[in-house]
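In what follows, a single structure is set out as structure tokens and then discussed.
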Amino acid sequence: MSVSLQKGQKVSLTKDNAGLSRLLVGLGWDEVEQKGGLFAKKAQPIDCDASVLMLQGGKLQNNADIVYYGNLQHKSGTVQHLGDNLTGAGEGDDEQIVIDLSRVPEGYDRIVVVVNIYHAVKRKQHFGMIRNAFIRIVDGRNNKEMCKYSLTDDYSGMTAMVFGEIYRRGGEWKFNAIGQGTNDPGLGELAARYLQ
Numbered sequence: 056m057s058v059s060l061q062k063g064q065k066v067s068l069t070k071d072n073a074g075l076s077r078l079l080v081g082l083g084w085d086e087v088e089q090k091g092g093l094f095a096k097k098a099q100p101i102d103c104d105a106s107v108l109m110l111q112g113g114k115l116q117n118n119a120d121i122v123y124y125g126n127l128q129h130k131s132g133t134v135q136h137l138g139d140n141l142t143g144a145g146e147g148d149d150e151q152i153v154i155d156l157s158r159v160p161e162g163y164d165r166i167v168v169v170v171n172i173y174h175a176v177k178r179k180q181h182f183g184m185i186r187n188a189f190i191r192i193v194d195g196r197n198n199k200e201m202c203k204y205s206l207t208d209d210y211s212g213m214t215a216m217v218f219g220e221i222y223r224r225g226g227e228w229k230f231n232a233i234g235q236g237t238n239d240p241g242l243g244e245l246a247a248r249y250l251q
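Here is the structure:
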């Protein structure tokens with residue numbers, strides 16, 4: 056049974072799901088249809104990029120701990136990005152990241168899922184121009200959705216977002232729906248928030 060989350064809500068992933076080892080993190084969005092006249096210039100599609108920051112002691116140690124479209128797999132082999140969607144077109148998940156919780160090295164205590172708009176400043180784009188944005192966690196054993204966080208707030212002017220975090224506490228994995236919009240122009244600036 057899937058749980059619909061609110062901002063700031065935390066949910067245990069492993070407590071009631073004995074043997075849970077593989078998660079699929081799905082992210083989706085749709086572009087808001089732009090209005091224009093007969094001669095309106097076609098705007099570039101909004102390219103949201105999902106990424107994962109693997110933290111140790113709550114901090115990002117180096118760039119090798121960032122999994123994104125340019126580094127599709129973490130060095131430990133436990134997190135894999137399944138590819139870049141440049142437009143958000145299509146139904147369901149637009150980008151997916153697979154996490155093998157059972158093999159995440161002990162030193163990593165937090166897996167932060169972030170999204171930024173590619174070239175947001177250059178293209179004059181922001182999250183107020185997308186709709187139906189969500190993050191969901193799926194049990195990799197049976198493809199059942201465990202929880203979903205829908206971004207229904209107005210994030211006009213925001214170019215990046217901390218969607219949520221999967222964290223280890225007391226021997227179990229939990230998920231925290233964050234939904235914090237930022238004005239970071241790219242992944243580098245967003246990741247810098249977590250540097251030691």
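Each residue of the sequence shown is one higher than the last, beginning at 56 in our numbering. We treat Cβ as the ideally placed atom computed from N, Cα and C, and that holds for glycine. Since this is a predicted model, take the numbers as computed values, not measurements.
Around the C-beta of residue i, are 16 or more other C-beta atoms found within 10 angstroms, so that it is buried, or is it exposed?
i, result
"ARG165", "buried"
"GLY254", "One cannot answer for residue 254 here, as it falls past the ends of the chain, which runs 56 to 251."
"ASN187", "exposed"
"GLU220", "buried"
"ARG191", "buried"
"GLY92", "For GLY92, the pLDDT reaches just 49, beneath the cut-off of 50, and the residue's location in the model is therefore unreliable, although a value from the coordinates is still provided. Exposed."
"ALA247", "exposed"
"PHE94", "Because the pLDDT of PHE94 is 44, which lies under 50, any placement of that residue in the model is unreliable, and the question is left without a value."
"ASP120", "buried"
"GLY83", "buried"
"ASP71", "exposed"
"ASN171", "buried"
Provide the residue(s) that pair with residue i in DSSP beta bridges, ordered along the chain.
i, result
"GLY83", "PHE189"
"MET109", "ILE166"
"VAL122", "VAL107"
Return the first residue and the last residue of the beta strand (DSSP E) that residue i is part of.
i, result
"GLU220", "215-224"
"SER67", "65-67"
"LYS229", "227-237"
"ILE154", "150-155"
"SER59", "58-60"
"VAL134", "134-136"
Where does the unbroken alpha helix (DSSP H) through residue i begin, and where does it stop?
i, result
"ALA175", "175-178"
"GLY241", "Per DSSP, GLY241 belongs to no alpha helix (DSSP H) and is neither H nor E."
Rank the options by C-alpha distance to the C-alpha of residue i and give the top, closest one.
i, options, result
"VAL253", "LEU68, VAL87, GLN116, VAL134", "Not covered by the structure: residue 253. The range shown for the chain is 56 to 251."
"GLY212", "THR237, ILE190, GLY113", "THR237"
"ASN231", "VAL217, GLY162, GLY138, ASP155", "VAL217"
"GLY125", "GLY132, GLY226, LEU137", "LEU137"
"TYR123", "GLN116, ASP104, GLN111, TRP228", "ASP104"
"ALA175", "LEU156, PRO240, ASP209, SER157", "PRO240"
"GLY112", "GLY162, VAL168, GLU244", "GLY162"
For residue i versus residue j, is the C-beta distance shorter than 9 Å?
i, j, result
"GLN61", "TYR204", "yes"
"ARG224", "ARG77", "no"
"GLN128", "VAL80", "no"
"PHE182", "THR214", "yes"
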